[in-house]
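Let me begin by presenting the structure, written as C-alpha cells, before commenting on it.
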Amino acid sequence: MLNFDQYVEQVSELLNLSIAPEYHPGVVKNLTTIAAIAQLVTEFPLPDEIEAAPVFEP
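Residue numbers (my numbering): 378 to 435.
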C-alpha cells in the first residue's frame with residue numbers, strides 16, 4: 378500500500394499547498410481511510426456482461 382505520509386508531503390509540495398503540521402496526521406488518516414473504502418468498492422466482483430447505466434434511476 379502507498380505510504381500516505383510521504384504522499385501528503387510530496388503532493389502538497391507539488392501543488393504548493395501548505396498543510397499545518399498539526400493537520401498533517403489527520404490528512405494522512407483520512408487518506409488511509411479513503412483508500413480502504415475504495416479498495417472495498419474496486420474489489421467488488423461484477424459480471425463481465427454488466428453495462429454502465431447512463432442515467433441514475435432509483
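Positions of the beta carbon are idealized from the N, C-alpha and C atoms, including for glycine.
Short CB-CB distance (under 9 Å) between residue i and chain C
i      : result
VAL388 : You won't find chain C in this structure, because it holds only one protein chain.
Best match in the options for proximity to residue i [C-alpha to C-alpha]
i      : options                           : result
PRO402 : SER389, ASP382, LEU394 and THR419 : ASP382
Proximity below 9 Å, CB of residue i to CB of residue j
i      : j      : result
VAL385 : LEU408 : yes
ALA413 : LEU379 : no
Residue i, DSSP secondary structure in three states
i      : result
TYR400 : coil
VAL385 : helix
GLU393 : According to the sequence shown, residue 393 is Asn rather than Glu. Note: ASN393 maps to coil in three-state DSSP.
ILE414 : helix
VAL405 : helix
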